[in-house]
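*Asks:* Handing you this structure, nothing more for now.
In the working numbering, the protein residues as written are 130 to 378.
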């Protein structure tokens, strides 16, 4: 049990490693913002398309027939997109409509999306590690690898939106520790019941939120700081990176 908690904690806290990019010397502020947001959006799109949504469909197919499982997953994917648009519209913004204010909003939005993503990941990691130590470690390593660029998607816009490295690291830490919260929830409420269907539907919902966040916020804001071709290249790099992580995991 202690091992499962430890694995979940380490997988989640790896998100903070993404904020280390703030301590790297860079020639251009605009270049760092554009590359970070583009890469993070590619990672989020790949996670959604290669991991979250397919796993939702496959696992729901164990309970339902394939077509109902696919339709149910699509329904929650669309609900995730709608929820993302509503959050984007009504998310309070304490800053003005300047570039810094927009970056701050992107960072907060990314943090909320990743918290929603990390909680079910923490549940999955805890339950898996509790049953199979080796599989739990493998899952945690895969999660840690994609948590790092997700940390970048929070820390970089928060830092350049507020000029505070402390806030950037703190918000990134909050998103990372939410994975450990998922482990605690799994231990308290889900260890002895079949919760897989709930988690699988939640994965589709989160996939919708992440795809919407990438297309509506991360990529457009990245384009404000660099040429579209450069943005496209780093989005592709993010997709290829997560495809590699998905393959080796």
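Glycine included, each C-beta is placed from N, C-alpha and C at the ideal position.
These numbers were taken from a predicted model, which means no experiment stands behind them.
#1: What does the alpha-carbon distance come out to for the pair residue 339 and residue 355?
#2: Quick check on residue 350: buried or exposed, where buried means 16 or more other Cβ atoms within 10 Å of its Cβ?
#3: I need the straight-line Cα distance from residue 260 to residue 243, nearest angstrom please.
#4: In three-state DSSP terms, what is residue 130?
#5: By Cβ distance below 6 Å, which residues in the same chain neighbour residue 282 in space, the five residues on each side in sequence not counted?
#6: Per DSSP, what kind of secondary structure is residue 291 in: helix, strand or coil?
#7: Among the candidates 173, 267 and 248, whose CA atom is the shortest distance from the CA of residue 311?
#8: Is it true that the CB of residue 275 sits closer than 8 Å to the CB of residue 172?
#9: Within 8 Å, do at least three Cβ pairs link the stretch 185-193 to the stretch 328-337?
#10: Need the endpoints of the alpha helix (DSSP H) that residue 174 sits in, please.
#11: Taking the alpha-carbon of residue 181 as reference, which of 369, 246, 229 and 296 has the nearest alpha-carbon?
*Replies:* Result, derived from the coordinates:
#1: In this model, residue 339 and residue 355 are separated by some 22 Å (Cα to Cα).
#2: Residue 350 sits buried, since 16 or more C-beta atoms from the chains shown fall within 10 Å of its C-beta.
#3: 26 Å
#4: coil
#5: 169 and 239
#6: Helix at residue 291.
#7: 248
#8: yes
#9: yes
#10: 158-175
#11: With distances taken between Cα atoms, residue 181 lies closest to 246.
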